[in-house]
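2 protein chains.
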Amino acid sequence: MTSINVLIADDEPNQLELVRFNLEQADFSVITAEDGEQAVILAQELTPDIILLDWMMPNMSGIDVCRKLRSKSSTREIPIIMLSARGEEGDRILGLDVGADDYISKPFSPVELIARIKAVLRRTRPSLANAVIEYGNLRLYPAQKLVERDGRQIHLGPKEFQILSLLIERPGQVFSRAQLLDNVWGHGVYIEDRTVDVHIGRLRKALQESLDGKNLPDLIRTVRNSGYALHLPSVR
Amino acid sequence: MTSINVLIADDEPNQLELVRFNLEQADFSVITAEDGEQAVILAQELTPDIILLDWMMPNMSGIDVCRKLRSKSSTREIPIIMLSARGEEGDRILGLDVGADDYISKPFSPVELIARIKAVLRRTRPSLANAVIEYGNLRLYPAQKLVERDGRQIHLGPKEFQILSLLIERPGQVFSRAQLLDNVWGHGVYIEDRTVDVHIGRLRKALQESLDGKNLPDLIRTVRNSGYALHLPSVR
DNA sequence: ATTACTATGTCATATCATAGTCATATTTCA
DNA sequence: TGAAATATGACTATGATATGACATAGTAAT
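Protein chains in written order, with my numbering: chain H, 675 to 910; chain S, 675 to 910.
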């Protein structure tokens, strides 16, 4: 569950299996789709961490899939890399224009592919790419599952860690309880909304603890009727 | 409740369902009307965020509906996109002339439709598109449910935030108490007119607070017998 | 297996923020 | 000036959020 989920859509089974093999070697979890429609459905159903789209597919081309994914809020944030047989500059531009994050022309080496995937993830979802994320005096090490505040290490349970990972990727943004449940627990999990409050409470407490008895300022903002957000304590 | 409400009026059930399907896929909330009269009634009743009008309908044509909506204050501000089978330039001009915000000729792709809707909304209701809105020294971040004045963060209750969101979209424009009640509380809510005054008072107070004891200039103009408007203090 | 921990989800309860109303003060303008 | 409109402070009910306690399940070490 800790590995990165990749959805690949390509109508050519050989190509599909080749990529799958290479990515699985590199410790990615791979899901495959044989055409565009399936890709859209799977993307919504499973919210992978990144999507690789073949440019030309029956049913719905990579471009159409890309547009469609970008138009739905549930899939809008998922980074997309377009794969194409043609290496024309026009396509590249069209692809990026339609909302893709990167564009690779075939043939490509497994090494290149993996490098590109990591590059895109580093840019869009730093915590997945194991890049250290900083925000204010907070520092989060995704690979080590470790958090520091003012250089002091903080112990968090797995759930609290995931919540913080999500919040810190988009500081300031308000996440609803539903969003948190979807992203941290996974969709389709039946858990009380209120449980989120409890975990937020635990996260808060952990982040506030300091050597002296006094608490550090709270880094989580409660937004009534909406949810929670990470924020820098502002000047009062 | 956060999604965008679209009212579609078309006499062809197939067309209606097609559009409904596509829009719902893209996370819009859809209401449908089968003729012009119904469209006008629903528009008033539900104040959707945007209206799609078929050009030719029994009972009342799209043009007539458009005129009618533009003539009533409760619906005047709702953006309208006309849909038409004919692609003649004359119609386009007539449509825009009558007060439509955009004009799409059939057949159109779902992608195009959605793009147009978003474009119109971005133009007319920036906060729905999640863009940061600035006005004078005020800055409103819809996604973060946050307001700043002179860079200083301001705490607002949900109601006050919504009121300000509405006002800031059309700075200077006077909103009646009825309009505010409709937009912020929702239609059909039975609340005293005077309650609006109280919330405006709270909003005023929150916006005026500053570090030193002194108050910042008032940003809300009271228009006797009419309502309230956001304004820059310099403009008298 | 047993034990000792840790993490998790739920609940009941405590706390708190906000919404709405009213009474009263103040302003506006005819 | 007087009537009407608006501003404001106080109060209460409500609903949202915070929190402590608990049962359970998993994990690690013995």
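Glycine included, every Cβ here is placed at the ideal spot set by N, Cα and C.
* Name the two residues that bound the continuous alpha helix (DSSP H) containing Asp867 of chain H. => DSSP places Asp867 of chain H in the uninterrupted alpha helix (DSSP H) bounded by 867-882.
* Quick one: which chain H residues come within Cβ less than 7 angstroms of Asp685 of chain S? -> Residues of chain H passing the Cβ test: none, with the nearest at roughly 27 angstroms.
* Quick one: give me the first and last residue of the beta strand (DSSP E) that Leu830 of chain S is part of. => No residue range can be given for Leu830 of chain S, since it is assigned to no beta strand (DSSP E) and is classified by DSSP as neither H nor E.
* What are the uninterrupted segments assigned as alpha helix (DSSP H) that are 4 or more residues long and contained completely in the region 705-734 of chain H, given in chain order? -> 710-720
* Leu743 of chain S and Ala707 of chain S closer than 8 angstroms at C-beta -> no
* **Cβ-heavy atom distance, Leu787 of chain S to the ligand FAD, below 7 angstroms** => Ligands in the displayed structure: none, and consequently the ligand FAD is not present.
* **Nearest candidate by alpha-carbon position, reference Gln836 of chain H, set H:Val704, H:Asp824, H:His905, H:Gln818** => H:Gln818
* Asked: Would you say Asn899 of chain H reaches chain S, if we count a Cβ-Cβ gap shorter than 8 angstroms as a contact?
  -> Yes, contact with chain S.
* **Three-state class that DSSP yields for Ile842 of chain H in the structure shown** => helix
* Alpha-carbon to alpha-carbon, Pro800 of chain H and Tyr815 of chain H -> 10 angstroms
* Cα-Cα, which of H:Arg750, H:Ile725, H:Trp729 is closest to Ile788 of chain H? -> H:Ile725
* Asked: Can you tell me where the alpha helix (DSSP H) with Asn679 of chain S in it begins and where it stops?
  -> That residue, Asn679 of chain S, is in no alpha helix (DSSP H); its beta strand (DSSP E) goes 679-683.
* Asked: Going along the chain, which residues of the region 873-904 of chain S sit with their C-beta nearer than 9 angstroms to a C-beta in chain H?
  -> Against chain H - using a Cβ distance shorter than 9 angstroms - the residues of the region 873-904 of chain S are Leu885.
* Asked: Does the distance from the C-beta atom of Leu757 of chain H to that of Lys780 of chain H stay below 8 angstroms?
  -> yes
* Taking C-alpha atoms, which residue in H:Ser783, H:Leu904, H:Glu698, H:Phe702 lies nearest to Leu795 of chain H? -> Here the closest residue by C-alpha is H:Phe702.
* Inter-residue spacing [alpha-carbon to alpha-carbon] between Thr749 of chain H and Ile828 of chain H -> 32 angstroms
* Quick one: does Ile807 of chain S have its CB under 8 angstroms from some CB of chain H? -> no
* To do: For Gln699 of chain S, go through chain H and note every residue whose CB falls closer than 8 angstroms to its CB, in chain order.
  => Lys742, Ser745, Lys746
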